[in-house]
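Numbering (numbering that gives the first Met the number 0), first residue to last: 0 to 225. A virtual CB, placed ideally from N, CA and C, is assigned to each residue, including glycine. What you are looking at is a predicted structure, and each value in this text was computed from that prediction instead of being measured.
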Amino acid sequence: MRIVVLGANGGTGRRLVQQALDAGHEVRAVTRQPQSFPISGPGLEVVAADVTVDVPVSGAEVVLSTLGVPFTRQPVLLYSRSTATVLAAMRRQSVRRLVVVSSSATEPHHHAEGGFLLNRVIQPLVTATIGKTTYDDMRAMEAVVRDSNLDWTIVRPSGLFDSDNVTRYRLSENRSDGVFTSRADLAACLLAQATDRAWVERTVAVTTAEGAPTLWAMLRREAFGR
Ligand SMILES: NC(=O)c1ccc[n+]([C@@H]2O[C@H](COP(=O)([O-])OP(=O)(O)OC[C@H]3O[C@@H](n4cnc5c(N)ncnc54)[C@H](OP(=O)(O)O)[C@@H]3O)[C@@H](O)[C@H]2O)c1
């Protein structure tokens, strides 16, 4: 298939591009920084673009978006602005299949596996403070995508961690009980949507059980970078 990957130079995006090439797809990797993009080879086209301005989707059969920005207390507009640009470009080019990454935290709920620390401390704190503007804009993105009349899927991972191995990740409709998602599994889940229509016009949560860090390990890494 001819696949456009937005956010291709990010942690999930790079894995997604590699997995798609390995599976024999033609990939257009979109990044603002093509000079630092580490993947090359047959079947790959690297295109420089700021997706809030322009999205090169001509000839594509599916658009997979892993776009993201770090948490900030300032208003976040990337998700909603890029979605408006993506939808306009897809309509112009008659491309129908769109898969976007959001977050399970857009709909905070009790996580069976999360315990007191996640459910009563971390989740309420993050969604009310540093994550607030991100989740507000993700919810705006989700609303526009659901309203788009395209063949959309919204994929909601939980806390991301790095792993190169794809595992038997878990999918569930709307809400997730898992606390973590590996970037390799998120990429594999996104790629699966390119050829599988089971989740069209649905919101799916994806989580990883195998090899996931503990909450304490994740906190230590976020707080102290180790
Ligand atoms: N971190 C978590 O725990 C967590 C949890 C749930 C969901 N998520 C979501 O999961 C997704 C993937 O996360 P990640 O950490 O793998 O991603 P990431 O490394 O932050 O990569 C995001 C990419 O988006 C691209 N981007 C940002 N603004 C852009 C613009 N205006 N035009 C073009 N590209 C732009 C950047 O690429 P360039 O700089 O190359 O342009 C960047 O490489 C994100 O949507 C994130 O919000 C994260």
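> If we ignore side chains and look at the alpha-carbon of each, how far apart do N173 and R72 end up?
Replying inline: Linking N173 to R72 through their CA atoms gives a straight-line distance of about 26 Å.
> Taking DSSP as the reference, what is the three-state secondary structure of I121?
Replying inline: In the structure shown, I121 sits in a helix (DSSP, three-state: H, G or I).
> How is V85 classed by DSSP in three states: helix, strand or coil?
Replying inline: In the three-state reduction of the DSSP assignment, V85 falls in the helix class, which pools H, G and I.
>> Starting from G10, trace the alpha helix (DSSP H) in both directions and tell me its first and last residue.
In response: That run of the alpha helix (DSSP H) goes 10–21.
> What are the start and end residues of the alpha helix (DSSP H) that includes R138?
Replying inline: 131–145 is the extent of the alpha helix (DSSP H) around R138.
> Beta-carbon separation of L185 and P156 under 8 Å?
Replying inline: Contact check for L185 against P156 passes: the beta carbons are separated by less than 8 Å.
> Which of helix, strand or coil does DSSP assign to T152?
Replying inline: Three-state DSSP puts T152 in a strand.
> Which residues in the same chain have their Cβ closer than 7 Å to the Cβ of D21, if we skip the five residues on either side of it in sequence?
Replying inline: Within the same chain, D21 has no close Cβ partners at all.
> Where does R72 sit, in a helix, a strand or coil, going by DSSP?
Replying inline: Coil, per DSSP.
> Say the cut is 7 Å; is the CB of G232 nearer than that to a heavy atom of ligand 1?
Replying inline: Shown here, the chain extends from 0 to 225; a query on residue 232 therefore has no answer.
> Along the chain, where does the beta strand (DSSP E) that runs through T201 open and close?
Replying inline: Sequence inspection shows Arg at residue 201; the Thr mentioned does not correspond to that position. Unbroken beta strand (DSSP E) run through R201: 201–206.
> How many Å lie between Q32 and P212 at the Cα?
Replying inline: Here the alpha carbon of Q32 sits roughly 30 Å from the alpha carbon of P212.
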